[in-house]
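What follows is a single structure, written as structure tokens, with notes after it.
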Amino acid sequence: MLDKTFDPAAAEPRLYRQWEESGAFAPTEDPAAAPFSMVIPPPNVTGSLHIGHALNNTLQDVLIRFARMRGMAALWVPGTDHAGIATQMVVERQLAAEGNIGRRDLGREAFVERVWEWKAQSGGAIVNQLRRLGASCDWSRERFTLDPGLSAAVRKVFVTLYREKLIYRDKRLVNWDPHFQTAISDLEVEQREVDGHYWHLAYPLEDGSGEIVVATTRPETMLGDTAVAVHPSDERYKHLIGKCVRLPIVGRPIPIIADEYADPEKGSGAVKITPAHDFNDFKVGQRHHLPMINVLDAYARVNDNAPPGYRGLDRFAARKKVIADIEALGLLRGVEPTRHAVPHGDRSGVAVEPWLTDQWWVDAKVLAAPAIGAVETGETVFEPRHWEKTYFEWMRNIEPWCVSRQLWWGHRIPAWYGPDGHIFVAETAEGAAAQAREHYGRDEPLRQDEDVLDTWFSSALWPFSTLGWPEPTEDLKRFYPTHTLVTGFDIIFFWVARMMMMGIHFTGKVPFRRVFINALIRDAEGAKMSKSKGNVMDPLELVDVYGADALRFTLTAMSGQGRDIRLSKQRIEGYRNFGTKLWNAARFCQMNGAVAVEGFDPAAVTHVVNRWVRGETLKAVREVTAALDACAFDDAAGALYRFIWNLFCDWFVEFAKPILNGEDDAAKAETRATAAWVLETILKLLHPVAPFITEELWAQIAPEGRPRERLLIVEAWPELPDTWADPAAEAEIGLVIAAVTEGRSVRAELNVPPGARPDLIVAEASPAQAQAQALRANAQVIAHTLRSGALRFEDAVPEGAIAFVAGGVALALDVKGLIDLPAERARLAKEIATQASDIDRTARKLGNADFIGRAPPEVVEENRERLAAAEQAKARLQAILARLETVG
RNA sequence: GGGCGGCUAGCUCAGCUGGUUAGAGCGUCUCGUUUACACCGAGAAGGUCGGGGGUUCGAACCCCUCGCCGCCCA
-18 MLDKTFDPAA
-8 AEPRLYRQWE
2 ESGAFAPTED
12 PAAAPFSMVI
22 PPPNVTGSLH
32 IGHALNNTLQ
42 DVLIRFARMR
52 GMAALWVPGT
62 DHAGIATQMV
72 VERQLAAEGN
82 IGRRDLGREA
92 FVERVWEWKA
102 QSGGAIVNQL
112 RRLGASCDWS
122 RERFTLDPGL
132 SAAVRKVFVT
142 LYREKLIYRD
152 KRLVNWDPHF
162 QTAISDLEVE
172 QREVDGHYWH
182 LAYPLEDGSG
192 EIVVATTRPE
202 TMLGDTAVAV
212 HPSDERYKHL
222 IGKCVRLPIV
232 GRPIPIIADE
242 YADPEKGSGA
252 VKITPAHDFN
262 DFKVGQRHHL
272 PMINVLDAYA
282 RVNDNAPPGY
292 RGLDRFAARK
302 KVIADIEALG
312 LLRGVEPTRH
322 AVPHGDRSGV
332 AVEPWLTDQW
342 WVDAKVLAAP
352 AIGAVETGET
362 VFEPRHWEKT
372 YFEWMRNIEP
382 WCVSRQLWWG
392 HRIPAWYGPD
402 GHIFVAETAE
412 GAAAQAREHY
422 GRDEPLRQDE
432 DVLDTWFSSA
442 LWPFSTLGWP
452 EPTEDLKRFY
462 PTHTLVTGFD
472 IIFFWVARMM
482 MMGIHFTGKV
492 PFRRVFINAL
502 IRDAEGAKMS
512 KSKGNVMDPL
522 ELVDVYGADA
532 LRFTLTAMSG
542 QGRDIRLSKQ
552 RIEGYRNFGT
562 KLWNAARFCQ
572 MNGAVAVEGF
582 DPAAVTHVVN
592 RWVRGETLKA
602 VREVTAALDA
612 CAFDDAAGAL
622 YRFIWNLFCD
632 WFVEFAKPIL
642 NGEDDAAKAE
652 TRATAAWVLE
662 TILKLLHPVA
672 PFITEELWAQ
682 IAPEGRPRER
692 LLIVEAWPEL
702 PDTWADPAAE
712 AEIGLVIAAV
722 TEGRSVRAEL
732 NVPPGARPDL
742 IVAEASPAQA
752 QAQALRANAQ
762 VIAHTLRSGA
772 LRFEDAVPEG
782 AIAFVAGGVA
792 LALDVKGLID
802 LPAERARLAK
812 EIATQASDID
822 RTARKLGNAD
832 FIGRAPPEVV
842 EENRERLAAA
852 EQAKARLQAI
862 LARLETVG
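Going by the working numbering, the first residue of the first sequence is number -18, and it counts up by one from there.
This is the structure:
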């Protein structure tokens, strides 16, 4: 006998082990099986599972389990990302905490070794956390972005793109993170609103004929100014164009130039130009061939290109000094407070500097073109579709991608420099040496580029590098392109777009057919979860308390498309209860000997309750299947919830009770077998979302002595014939349900004592034959669920009975002496009013010639029927009320 | 400034290509221990679908406009 509740803590680890040991996570070898593959968005190797991972991986697991049960060769490739800057940051912090030296003092080799140690120590954590969640990844294929194979793929891609001139080295402005002393890509920069000032600085004209005032939020950059720009059509300054000002403090003469970048509406209309420290100014500088004077070093301290008094000053100290000096010179023309956006490094949190350096760039524009096309043609589709707009928006305006990072943890760039600076790009040092020999005519010492690649460079190859590319492996042949990618919208640019570009460029095929964008999880108040706010929900704690299934079901049910998820414990608790409900329904089946019967054919059932539930099961199977096919996870969860709780438990189990306790042995046996069959179908349907409890029940409800041949995880997904739809049974049981529901409502409203078992009267001389038959045939079932007495057929509602209408049939509960007359009158009056308003509304509609003329005939007919039914119901109720008046 | 979402019951959300009596869960209230389940059962209350226009026989759904809220990109 089952316990009263499921014990997830005890069962989950056992079940997971069972799955893993059974080999169920690997794709079937069956060559006839259609492939269904996914790659996991690799979490940071040293990270830990947060609630967003839980959502993302639950949805993937739902998909992969669904595919597996459908007999597909289901492969979910797991793995982790080395997460360059994030991981390096953690280890550097560790070093600092230990009072140790910085990484530069430690040296590259020792530092990288240290990171590997940290990876070895913490790297398994997140993978085990995925197991706790029930993720059925094929762990035998687990990959890490720094694995030898994946690293080889990275080098191959780099070298190929270099040869194709799609990767090049260039000196340009980059976003420089002075904290990490590395370049970062545009995507790693976030704009933060900060309070600042507009300082108005006067630059005296060189000829002494006056001054020109410029406004800036970054006065320290004036040390690197090489021009002042005014709008060409700005009458105020036209006469000054071509003249020079003498840059205060520095003393350098710089020209006044005409450029449309200067906005006459802003400030004085004149703008200082610092090409080496501002992206807009850089463009102006290029247009006008201005010198680019870099005045900051890698730490954002003022360098030797500035006057001596400034050298070595931090940028913020330099700002203060510039202001002070300008003021002392009498050139400060005003200060106004302002709030403006300042670019910050997303990891370091410090203001980034536009800084002029040599970096490696990927020509994203060229790679983007076919990636845009693939989504335009629908070769890859986004789900929900509207994310395609976001994708297009970015891809169509894509900028070159800075891929070099001045870090140590990552894929070292496969480029070597000769003594004269000549670049040799090759997959190996030997290859580079060979090129150099060719180039110089002799061996020359080469120096490998110190930099590593952006983490997202290797991530971009993930769908094919994990399958073995560039080797033509079996996996690659069978499982690429992958079927679906499940990820968050926050990495559409970082990751999805780049996989599209690299995938198409290197394999000629899109990396995935479908991209499902899952929602972002927030707390119950709608705030983004963050450690600093202290509102994070640890998925593992939730698993501890409620079980993995409850968390999974909650996340699935709440994953409505394109919307934030507000997660609350209350909700999880509700779905935990749902599991218990199912558990107890199974317990009921078990107590009643409802076990799977060998050779049972649901097609052959005859009892109307069984025929009905068979049809409802068919509907549920269709609904859940269609929903999962469409990634409509919330619909799938909703359909499961309703079918299991509101249909199977609330109605079928109740209907089964009188049959199982009755005298008809054939009906009993059939109902037991049907119940067992529906339950097993439920376990299959629910398994992708709630794998643990279903697998456990699958084992526990197996008939004594006959263990299951297979685990539920590899059972076949239900496919039921459409012929099992049974409109007649549906109509019959529908009437029963309506009668019981209405009857209960009436009982409650009139305070009929709960213990009373009043007779149910079919109060009409001649109800429709089918309906009368239906009620008669289900008298037992009705009596049980309505808690009524005998079912009687009478010509009219007898005195003292409370009448109601269900499914068009006039019914009454014979509660002589028990009813509260005034309450009953009020109830009837209210009911009549409801019908009257419906009649009114419908009649008005039907009275409208336009409606009759233009609405589709079936809609008109529908309304006619409704009107007739309402009028009939109203008439009946009025008659009863009238009689009640005379009685009372 | 550009773009994308959202605004439906006290709360969280469903409502597909216009025709439902606008739904669910939670919460609230009333009743209930009927041998699967109190992590339960039965019933009830609760919404002018953000405001205003328009299209249509008919709008929560389509169009315009305004107002908030959130996110992304400048």
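Ideal Cβ placement from N, Cα and C applies to all residues, glycine included.
**Which listed residue (P288, F161, A350) has its alpha carbon closest to that of H325** = When C-alpha distances from H325 are compared across P288, F161, A350, the shortest belongs to F161.
**Item:** Reference D42; option with closest CA among D703, I820, F614, E635
**Value:** Here the closest residue by C-alpha is F614.
**Asked** Using the C-alpha atoms, what's the distance from D795 back to P739?
**Response** Looking at the two C-alpha atoms, the distance is approximately 5 Å.
**Asked** Can you tell me the Cα-Cα spacing of A14 and E690, whole angstroms?
**Response** Cα to Cα, A14 sits roughly 20 Å from E690.
**Per-residue DSSP class, three states only, for H420** = H420: helix per DSSP, three-state reduction.
**Message:** According to DSSP, simplified to helix, strand and coil, what is P351?
**Reply:** Judged by DSSP in its simplified three-state form, P351 adopts helix.
**Message:** Quick check on the DSSP output: the beta strand (DSSP E) that includes Q340 runs from which residue to which?
**Reply:** For Q340, the uninterrupted beta strand (DSSP E) segment begins and ends at 334 to 343.
**Request:** Count the other CB atoms, across all protein chains shown, that sit within 10 Å of the CB of M572; report buried if there are 16 or more and exposed otherwise.
**Result:** So M572 counts as exposed.
**Prompt:** What did DSSP end up calling S385 once you bin it into helix, strand or coil?
**Reply:** DSSP, read as helix, strand or coil, puts S385 in strand.
**Message:** Less than 7 Å between C-beta atoms, sequence neighbours within five positions excluded: which residues of the same chain meet that for L532?
**Reply:** A35, P520, L523, V524, I553, listed in sequence order.
**Asked** For I714, which residues from the same chain have a beta carbon less than 6 Å from its beta carbon, with the 5 sequence-adjacent residues on both sides left out?
**Response** Residues W593 of the same chain have their beta carbon placed closer than 6 Å to that of I714, with the five preceding and five following residues left out of the count.
**Request:** Counting only runs of 4+ residues fully inside the stretch 79 to 151, write out the alpha helix (DSSP H) ranges in chain order.
**Result:** Runs found: 84 to 87, 89 to 103, 106 to 114, 129 to 144.
**Message:** By the three-class DSSP mapping on this structure, what secondary structure does N25 have?
**Reply:** Taken through DSSP and simplified to helix, strand or coil, N25 comes out as strand.
**Message:** Contact defined as beta carbons within less than 8 Å: I believe V58 pairs with D119. What is the distance between those atoms, to the nearest angstrom?
**Reply:** With a beta-carbon spacing of about 7 Å, V58 and D119 fall inside the 8 Å limit used to define contacts.
**Prompt:** So is the beta-carbon of G715 under 7 Å away from any non-hydrogen atom of the ligand GTP?
**Reply:** Because no ligand of any kind appears in the structure shown, any question about the ligand GTP cannot be addressed here.
**Item:** Inter-residue spacing [alpha-carbon to alpha-carbon] between R255 and M70
**Value:** Per the sequence shown, residue 255 should be read as Thr rather than Arg. If I take the Cα positions, the gap works out to 31 Å.
**Prompt:** What three-state label does DSSP hand A650 in the structure shown?
**Reply:** A650: helix per DSSP, three-state reduction.
**Message:** Taking its Cβ as the centre, do 16 or more other Cβ atoms sit within 10 Å of I82, making it buried, or is it exposed?
**Reply:** Burial call: exposed.
**Message:** On the CB-based measure, 16 or more other CB atoms within 10 Å of its CB, does N829 come out buried or exposed?
**Reply:** Using a 10 angstroms sphere on the CB of N829, the tally of other CB atoms stays under 16, which defines it as exposed.
**Request:** For my contact list, H392 and L434 are in at a C-beta cut-off of 8 Å; report their separation, rounded to the angstrom.
**Result:** Correct: roughly 5 Å between the Cβ atoms.
**Through-space distance from R386 to Y280, alpha-carbon basis** = When rounded, the distance between both Cα atoms is 15 Å.
**Message:** Quick test of your reading: H403 and E334, contact by CB under 8 Å. State the CB separation rounded to the nearest angstrom.
**Reply:** Not confirmed; about 30 Å, so no contact.
**Request:** Pick out whichever of A251, V72, L348, L277 has its Cα sitting closest to the Cα of V491.
**Result:** Ranking A251, V72, L348, L277 by CA distance to the CA of V491 puts L348 first.
**Message:** Tell me whether the stretch 345 to 360 and the stretch 479 to 498 touch, counting them as touching only if at least three CB pairs, one residue from each stretch, are closer than 8 Å.
**Reply:** Yes, the stretch 345 to 360 touches the stretch 479 to 498.
**Item:** Buried versus exposed, by CB contacts within 10 Å (16 or more), D240
**Value:** It is buried - the Cβ of D240 has at least 16 other Cβ atoms within 10 Å.
**Item:** Option in R153, T454, V323 with minimal Cα separation from E171
**Value:** The shortest C-alpha separation from E171 is found at V323.
**Prompt:** Is there contact here, the stretch 100 to 112 with the stretch 424 to 438, by at least three beta-carbon pairs under 8 Å?
**Reply:** With the cut-off at 8 Å, the stretch 100 to 112 and the stretch 424 to 438 do not touch.
**Asked** Between V26 and T61, is the Cβ-Cβ spacing less than 8 Å?
**Response** A contact, by the Cβ cut-off of 8 Å.
**Message:** Between which residues of its own chain and P444 is the CB-CB distance below 8 Å, once the five residues before and five after are set aside?
**Reply:** Answer for P444: V20, Y461, P462, T463, L466, M480, G484, P492, F493, listed in chain order.
**D740 - partner residues in DSSP beta bridges** = The partner list for D740 (beta bridge, DSSP) reads D795.
**Asked** In chain order, what residues of the same chain lie with their CB nearer than 7 Å to the CB of K376, ignoring the 5 residues before and after it?
**Response** Checking the sequence, you will find Met at residue 376 rather than Lys. So the list reads A349, A352, I353, A478, once near-sequence residues are dropped.
**Prompt:** Mind checking whether C570 and I663 have CB atoms under 8 Å apart?
**Reply:** With contacts defined as CB atoms closer than 8 Å, C570 and I663 fail to qualify as a contacting pair.
**Message:** Using only the alpha-carbon positions, how far apart do L76 and V93 sit?
**Reply:** It is roughly 12 Å from the alpha-carbon of L76 to the alpha-carbon of V93.
**Message:** What does the alpha-carbon distance come out to for the pair P318 and G33?
**Reply:** Rounded to the nearest angstrom, the two C-alpha atoms are 39 Å apart.
**Message:** Suppose the cutoff is 8 Å on Cβ atoms and the five residues either side in sequence are ignored; what does the same chain contact list for L182 look like?
**Reply:** Contacts found: V194, V195, A196, T197, P200, M203, P229, K253, I307, L312, L313, R314.
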